[in-house]
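Residue numbers (full-length UniProt numbering): 1 to 157.
Glycine included, C-beta positions come from ideal geometry on N, C-alpha and C.
Notes follow the structure.
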């Protein structure tokens, strides 16, 4: 019976963490360029900045969204002058993406923020056993798989 209670507590805690993360996703982030961007837009800038020349399908895969969700993000970022869209010379139908100078500024500012976050995580967990960290990583992978399976089951009903 104790184990069932522990699983229930884990699921409740996980739900709270997800809900807090969702709240963060909805809150715009103001960058030094004067741009206020949502998390998905920042994620797109990070993906494009890390590997310029991606197409919308590749970007969607990295962001974990559909191409139909990624396309409006790309359009908004292009209209705001943060990314450029250009045709692939080898395939005239394919549109590739790159950051503008302003987009690069946002990318670098966010990279500094991510470095601070990684440092804070390192400082908090540096004394932990490496197996514990691997367990946490594995737990999150397994939780993602369970959520995907559960979601697929709900959609099939």
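Contact under 9 Å by Cβ, residue i with residue j
i	j	result
residue 45	residue 77	yes
residue 82	residue 99	yes
residue 41	residue 73	yes
residue 29	residue 23	no
residue 47	residue 57	no
residue 105	residue 14	no
residue 55	residue 88	yes
Collapsed DSSP secondary structure at residue i in the structure displayed
i	result
residue 85	strand
residue 54	strand
Where the beta strand (DSSP E) containing residue i begins and where it ends
i	result
residue 94	Per DSSP, residue 94 belongs to no beta strand (DSSP E) and is neither H nor E.
C-alpha distance - residue i paired with residue j, whole-angstrom precision
i	j	result
residue 143	residue 101	38 Å
residue 1	residue 12	In this prediction, residue 1 has a pLDDT of 49, which is less than 50 and means its spatial position is unreliable; what the coordinates show is noted afterwards. Their backbone Cα atoms lie some 17 Å apart in a straight line.
residue 16	residue 26	16 Å
residue 49	residue 132	32 Å
residue 153	residue 34	43 Å
residue 129	residue 120	17 Å
residue 84	residue 53	10 Å
residue 122	residue 115	10 Å
Proximity winner among the options, relative to residue i (alpha-carbon distances)
i	options	result
residue 79	32, 108, 103 and 31	103
residue 39	64, 119, 51 and 122	64
Residue i - containing alpha helix (DSSP H), residue span
i	result
residue 19	2-26
residue 116	101-125
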